[in-house]
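Input: a single structure, listed below in structure tokens.
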Amino acid sequence: MGSMVGASVVRKEDPALLTGRGTFVDDIRLPGTVHMVFVRSYLAHARILSVDTDAAQRLPGVLGVWTHADLDGLPATRSVPGMERPCLAKDKVHFVGEPVAVVVATDRYLAADAAEAVVVEYEELPVMASVAAATAEGATPIIDGLPSNVVLEQQLSATDAEAELAAAPHRLAIALVNQRCAAVPMEPTVCLADWQSSGLTIWATSQTPHHMRNEIAQMFGLSQQEVRFVAPDVGGGFGAKASFYPEFLLTAELSRRLRRPVKYVETRSENMTSMVHGRAQQHDVEVGFDDEGHLLALRVRITQDCGGWPDSTGIGLPTLTSFMSGGCYRIPTIAPSFRSVVTNTTPVGSYRGAGRPEASYMIERVVDRVAAELGIDPLEVRRRNFVQPGEMPYATQFEGIVYDEADFPGALDKLLEHVDYAALRAEQAQRRADPTAPLLGIGFSTFVEMGGFGPTPLFEQFGYVGGWESANVRLNVDGSAVIKVGTSPHGQGHQTAFAQIVADRLSVPFERITLVHGDTATVQEGIGTMGSRGVPVGGSAVFKAATKVRDKAIRIAAHMLEADESDIELADGRFSVRGAPDQGVDMAEVAVRAFKPHLLPDGFDLGLDETAHHEPSNLSYPSGAHCCVVEIDRDTGKVLIRRYVAVDDCGVVINPLMAKGQIHGGVAQGIAQALIEEVTFAENGQPGTGTLVDYTLPSAKDLPRYETDHLVTPTSFNPLGAKGLGESGATAAPQAVVNAVVDAMAHLGVRSIDMPCTPQKVWRVLQAATRNGS
Amino acid sequence: MSHHKVRITVNGTAGEDEVEARQLLVHYLRETRALTGTHVGCDTSNCGACTVLLDGRTVKSCTVLTVAADGGDVLTIEGLDEQGEMSPVQQGFQACHGLQCGYCTPGMVLSATGLLLEQPDPDDDAIRTGIEGNLCRCTGYDMIVDSVRWAAAHGGAGTAATAHAAHAEGKH
Numbered sequence: 001m002g003s004m005v006g007a008s009v010v011r012k013e014d015p016a017l018l019t020g021r022g023t024f025v026d027d028i029r030l031p032g033t034v035h036m037v038f039v040r041s042y043l044a045h046a047r048i049l050s051v052d053t054d055a056a057q058r059l060p061g062v063l064g065v066w067t068h069a070d071l072d073g074l075p076a077t078r079s080v081p082g083m084e085r086p087c088l089a090k091d092k093v094h095f096v097g098e099p100v101a102v103v104v105a106t107d108r109y110l111a112a113d114a115a116e117a118v119v120v121e122y123e124e125l126p127v128m129a130s131v132a133a134a135t136a137e138g139a140t141p142i143i144d145g146l147p148s149n150v151v152l153e154q155q156l157s158a159t160d161a162e163a164e165l166a167a168a169p170h171r172l173a174i175a176l177v178n179q180r181c182a183a184v185p186m187e188p189t190v191c192l193a194d195w196q197s198s199g200l201t202i203w204a205t206s207q208t209p210h211h212m213r214n215e216i217a218q219m220f221g222l223s224q225q226e227v228r229f230v231a232p233d234v235g236g237g238f239g240a241k242a243s244f245y246p247e248f249l250l251t252a253e254l255s256r257r258l259r260r261p262v263k264y265v266e267t268r269s270e271n272m273t274s275m276v277h278g279r280a281q282q283h284d285v286e287v288g289f290d291d292e293g294h295l296l297a298l299r300v301r302i303t304q305d306c307g308g309w310p311d312s313t314g315i316g317l318p319t320l321t322s323f324m325s326g327g328c329y330r331i332p333t334i335a336p337s338f339r340s341v342v343t344n345t346t347p348v349g350s351y352r353g354a355g356r357p358e359a360s361y362m363i364e365r366v367v368d369r370v371a372a373e374l375g376i377d378p379l380e381v382r383r384r385n386f387v388q389p390g391e392m393p394y395a396t397q398f399e400g401i402v403y404d405e406a407d408f409p410g411a412l413d414k415l416l417e418h419v420d421y422a423a424l425r426a427e428q429a430q431r432r433a434d435p436t437a438p439l440l441g442i443g444f445s446t447f448v449e450m451g452g453f454g455p456t457p458l459f460e461q462f463g464y465v466g467g468w469e470s471a472n473v474r475l476n477v478d479g480s481a482v483i484k485v486g487t488s489p490h491g492q493g494h495q496t497a498f499a500q501i502v503a504d505r506l507s508v509p510f511e512r513i514t515l516v517h518g519d520t521a522t523v524q525e526g527i528g529t530m531g532s533r534g535v536p537v538g539g540s541a542v543f544k545a546a547t548k549v550r551d552k553a554i555r556i557a558a559h560m561l562e563a564d565e566s567d568i569e570l571a572d573g574r575f576s577v578r579g580a581p582d583q584g585v586d587m588a589e590v591a592v593r594a595f596k597p598h599l600l601p602d603g604f605d606l607g608l609d610e611t612a613h614h615e616p617s618n619l620s621y622p623s624g625a626h627c628c629v630v631e632i633d634r635d636t637g638k639v640l641i642r643r644y645v646a647v648d649d650c651g652v653v654i655n656p657l658m659a660k661g662q663i664h665g666g667v668a669q670g671i672a673q674a675l676i677e678e679v680t681f682a683e684n685g686q687p688g689t690g691t692l693v694d695y696t697l698p699s700a701k702d703l704p705r706y707e708t709d710h711l712v713t714p715t716s717f718n719p720l721g722a723k724g725l726g727e728s729g730a731t732a733a734p735q736a737v738v739n740a741v742v743d744a745m746a747h748l749g750v751r752s753i754d755m756p757c758t759p760q761k762v763w764r765v766l767q768a769a770t771r772n773g774s
Numbered sequence: 001m002s003h004h005k006v007r008i009t010v011n012g013t014a015g016e017d018e019v020e021a022r023q024l025l026v027h028y029l030r031e032t033r034a035l036t037g038t039h040v041g042c043d044t045s046n047c048g049a050c051t052v053l054l055d056g057r058t059v060k061s062c063t064v065l066t067v068a069a070d071g072g073d074v075l076t077i078e079g080l081d082e083q084g085e086m087s088p089v090q091q092g093f094q095a096c097h098g099l100q101c102g103y104c105t106p107g108m109v110l111s112a113t114g115l116l117l118e119q120p121d122p123d124d125d126a127i128r129t130g131i132e133g134n135l136c137r138c139t140g141y142d143m144i145v146d147s148v149r150w151a152a153a154h155g156g157a158g159t160a161a162t163a164h165a166a167h168a169e170g171k172h
């Protein structure tokens, strides 16, 4: 049997999903289930004067209507102390879409009818739907009891870098916007709660079932044993399903009151204003550099729009942006600071990359601007500033942020093997000379991000028990194996990847290994799936548990074969004695023997069933180099991606097919951020992108073919050498695209454009530049 | 709200049900017929997760009233495989890693199946046009395009879909 790690095996999870036999939360049918529908605020900022539920209560099928006042004692969701969000708006609404009341009826159509019949009387308050409005002189604090809408401010360096900036031969101020995006998992939020005398069971769309279990148990004053949280098949998460949503608590509470299962199925329109949005950062940057383009000092002032209520995960994201603001570069002084501002908009939380794409976009735009300022090739500026492979692991100035093994220049070299840079530049020059030809732009992104999240001290800050992950591996007496993991996948292919790891470790056929996940009743403990921690942290726990089983199996085999443990070899599912290959026992025989105490040494602990935890000693740092080649139609401003080439270093690749899928998906989201997506609000706080009609997701016609390759620099920080890569594409792509768009118009004096680079925006920039140039 | 009796055949099985006039076909399939493979991803007919074949043509079943499908013949994801063997499109999606979370997948597979019924050998551009109405947030589409091309080379729409389309043709 060859090695399974590194093999492009097709996924175990696919047949069920491809034949309609997957189990998503809304597919679960419990007898007697009733349906919950929200009454949501249509105003962005208002005092609730009254809620009239009488008419709704009388409608057919309605079991009840509840407001905040009817749910006295129901706890608020966790956040920064003093900023906890109640499950239903208490006296005020903070954003359009905030739930004000809930209706439960026997049928979801009837519940929706009844929700329509609830009459809420509001007194409108001044709306501050942008950071500018929320921080304007005399702005009303949105959260009662706070002095202003700036809820958190922090400087993450000892200096503000003013002296270093002043001393640098060149100094450049750059304003960048990382616009608000929506995660839009294809499955909106769904939950089903069933509170019985023995405790509460809740099935929900979540990336972090154990964390949710812990939260709910604490909020209801139950023991963790009494709450079972199940995340079955989950239709995408992208970080947004790592947040705690009020509906989890509400369905549970109403199930307790009604003594029936209560289901909530979010509509897409609700999802667009209710699920946390991502990004939403402004960066005011100053960079100091010398004549050769060496970066000397960087000051980054981050302003985060955290929406109407600070999300417990979202509030930590500017910290991650700050930590990663140096990118792949050796910059002597980096001075990041941030402030988080509450506005009358949807709360902001994690979205694929969560804080790092913002940093990567910032520093990669800065590098291109420095190059343009000096008239030096942008690749040359990158090369002159790269942290070198020999300097790894590289301790940044931020405590605990230590880049692991990587080869930043090597990734760029490998990228250029795929891209004939000189030919592209020549073609670009030709195109510029021919006014009928579309413009050509070449953009690069050399990036480093964070994967393999933990360790515990970092993760505690986000409210998690720890940053480790857990795994249990059990060898059955027939020689098959079951893995239980604390990660909870939503498309990442853990069933397949973890089976590959165990197949190699235990020499058990891949087909005979199954995975159990996402259910707190059957999986011992876990943290969850986010921050590219599936393989580096979850996979490492699986590797360790499998190793413990292997070690024990070797002890049994040695006993059976009357040989020394050090002489036992395991290959093709068979233990044999070194030098005597015909003497052997197979895995199933060992597994059976594991349950025969009379045939084992005295006191031998029965069974082959081992649990292990992996606590990462450090984050891992996936890196790489991406190139985007765009064509811009001069008449319409439409950007066409002609080529997208990605070279990624995620360390050891477990399954190249799945790795390719992760890169593609991430790059797609990054391209979409660069060109298409933006959540908008009108001045009065009304969402401009509240449906998929207004918020354009890219279709197959909008996205290019991707070319991918890997550089493999294993990390020494986990036993697999894997760094993770789920977020790399989304982290790398936006600036590759935007750098290309700016590059296409650079000869006209264009130096910047904000995302998304829609045809209209590009056309305007092009028109203005052409006018100025002529 | 008025109720109506409908006769709808789903995956070859006839059913007679009384439904509310406003009920959407996707809810009929999921709730009344307990076929939960057809998913709901939006409420504006943009995402395509609810795509099924109705009388030989792909429809977004959240845009069709159940009463409008009266007398119709529906093929859902549950009816595509034949005696436990996945259709070429389903096999293509597995072989080419054309899915990740799997939520958009039933609709995407049905759209691809409908495309192959009309165009047995589409090029990449035709495939992208054919699945344009189905959104996937995981894959970036490249490997979905590969999956459909794989299916075109390995039997196309498949026997269940071809039989469904032929039956619909007979009715027209």
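Chains A and B supply the protein sequences, listed in that same order.
Note that UniProt numbering has the first sequence beginning at 1, numbered continuously upward.
Note that UniProt numbering has the second sequence beginning at 1, numbered continuously upward.
Just so you know, even glycine gets a beta-carbon here, dropped at the ideal spot from N, CA and C.
Straight-line gap, residue i to residue j (C-alpha atoms, nearest Å)
i: residue 162 of chain A; j: residue 510 of chain A; result: 58 Å
i: residue 609 of chain A; j: residue 228 of chain A; result: 23 Å
i: residue 1 of chain A; j: residue 502 of chain A; result: Confidence is the limiting factor: at residue 1 of chain A the pLDDT is only 49, short of 50, which leaves the residue's position unreliable and the question unanswerable from this model.
i: residue 81 of chain A; j: residue 238 of chain A; result: 26 Å
i: residue 151 of chain B; j: residue 692 of chain A; result: 29 Å
i: residue 124 of chain B; j: residue 705 of chain A; result: 10 Å
i: residue 251 of chain A; j: residue 767 of chain A; result: 54 Å
i: residue 720 of chain A; j: residue 607 of chain A; result: 26 Å
i: residue 169 of chain A; j: residue 242 of chain A; result: 45 Å
i: residue 644 of chain A; j: residue 629 of chain A; result: 6 Å
i: residue 43 of chain B; j: residue 402 of chain A; result: 46 Å
i: residue 564 of chain A; j: residue 558 of chain A; result: 6 Å
Partners in chain B for residue i, counting only beta-carbon separations shorter than 8 Å
i: residue 728 of chain A; result: None at all; the shortest Cβ gap to chain B is about 13 Å.
i: residue 45 of chain A; result: Within chain B, no residue comes near residue 45 of chain A; the closest Cβ sits about 26 Å away, beyond 8 Å.
i: residue 106 of chain A; result: Correct list: empty, because the minimum Cβ distance to chain B is about 12 Å.
i: residue 24 of chain A; result: 36, 39 and 103
Residue i in three-state terms, based on DSSP
i: residue 610 of chain A; result: strand
i: residue 9 of chain B; result: strand
i: residue 209 of chain A; result: helix
i: residue 444 of chain A; result: strand
i: residue 158 of chain A; result: coil
i: residue 686 of chain A; result: coil
i: residue 307 of chain A; result: strand
i: residue 147 of chain A; result: coil
i: residue 552 of chain A; result: helix
i: residue 74 of chain B; result: strand
Per-residue contacts from residue i into chain A (C-beta, under 7 Å)
i: residue 105 of chain B; result: 17 and 18
i: residue 154 of chain B; result: Chain A residues near residue 154 of chain B: none, gap ~14 Å exceeds 7 Å.
i: residue 66 of chain B; result: Those do not exist, as residue 66 of chain B stays about 12 Å from chain A at its closest Cβ, beyond 7 Å.
i: residue 42 of chain B; result: 268 and 692
Beta bridge counterpart(s) of residue i as assigned by DSSP
i: residue 776 of chain A; result: Residue coverage of chain A in this structure runs from 1 to 774, which leaves residue 776 of chain A outside it and unanswerable.
i: residue 152 of chain A; result: A/340
i: residue 278 of chain A; result: A/181
Contacts that residue i makes with chain A (C-beta to C-beta distance below 8 Å)
i: residue 132 of chain B; result: 699, 700 and 701
Minimum Cβ-Cβ distance from residue i to chain D less than 8 Å
i: residue 51 of chain B; result: Reference to chain D is not applicable here, since the protein chains of this structure are A and B.
Near-chain B residues of the stretch 540-571 of chain A (beta-carbon distance less than 7 Å), N- to C-terminal order: The stretch 540-571 of chain A vs chain B, Cβ under 7 Å: nothing.
Interface residues of the stretch 240-273 of chain A facing chain B [CB-CB below 7 Å]: 267, 268 and 269
Residues in the stretch 74-98 of chain B having any Cβ partner in chain A nearer than 8 Å: 76, 77, 78, 80, 81, 86, 90, 93, 94, 95 and 97
Proximal residues, the stretch 693-716 of chain A versus chain B, C-beta separation under 7 Å: Answer in chain order: 693, 697, 699, 700, 701, 703, 705 and 706.
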